[in-house]
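Please read the structure below before turning to the comments.
In the working numbering, the protein residues as written are 264 to 421.
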């Protein structure tokens, strides 16, 4: 076996052992959908990537929802969890080289609410996008935050 093959196998094993960010995001979206249903909010998943993960329907209210999920175990003094709030884009191959696309901020009019979820701990934070400085890269939320399980955000018309 060549060294490159051994490295590829090791990378595959590591990938299967630790889910990629994309897999964690998919798990987070599924968890949010389930909790929306528990709270009598109808989750609608766009068939195409149109800039947000879910639409939340509650009576006449329809909100565009972006889900941000993590499995990070890094904690701060107040036991908060840090979430990335930038739009992540995958890179692409050009001429045999990977070209990275830098993260971008969401525009004010693209998203109505964010749902931050810690996949392993099952913590959910539901925040209106208007409450977040979208030019920041990260946000830290503590378990006793006023946004913890604030599903009413998705039910309230703006």
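Built from N, CA and C at the ideal position, the CB exists for glycine as well. The model shown is predicted, which means the values in this text are computed figures rather than measured ones.
- Note that the stretch 379–398 touches the stretch 407–419; at least 3 beta-carbon pairs, one per stretch, sit closer than 8 Å.
- Collapsing the DSSP output to three states places residue 310 in coil.
- With contact defined as three or more Cβ pairs closer than 8 Å, the stretch 315–332 and the stretch 292–302 are in contact.
- The residues 397, in chain order, have a CB closer than 7 Å to that of residue 371 in the same chain once the five nearest residues on each side in sequence are set aside.
- When the beta-carbon positions are compared, residue 287 and residue 350 stay at least 7 Å from each other.
- In this structure, the alpha-carbon of residue 303 lies about 49 Å from that of residue 358.
- One Cα belongs to residue 408, the other to residue 308, and the distance between them is close to 27 Å.
- Residue pairing of residue 372 in beta bridges, as defined by DSSP: absent, with no partner found.
- The residues 420, in chain order, have a CB closer than 6 Å to that of residue 324 in the same chain once the five nearest residues on each side in sequence are set aside.
- Spanning the alpha carbons of residue 393 and residue 373 requires a straight line of approximately 11 Å.
- Beta-bridge partners assigned by DSSP to residue 303: none are found.
- In the three-state reduction of the DSSP assignment, residue 395 falls in the coil class.
- When rounded, the separation of the alpha-carbon atoms in residue 321 and residue 377 is 16 Å.
- The alpha-carbon of residue 285 is positioned some 11 Å away from that of residue 331.
- Bridge pairing for residue 333: 381 [DSSP].
- In the displayed model, residue 403 falls within a strand according to three-state DSSP.
- Taking residue 329 as the centre and dropping the five residues before and after it, the same chain places the C-beta of 315, 316, 374, 377 closer than 6 Å to its C-beta, in chain order.
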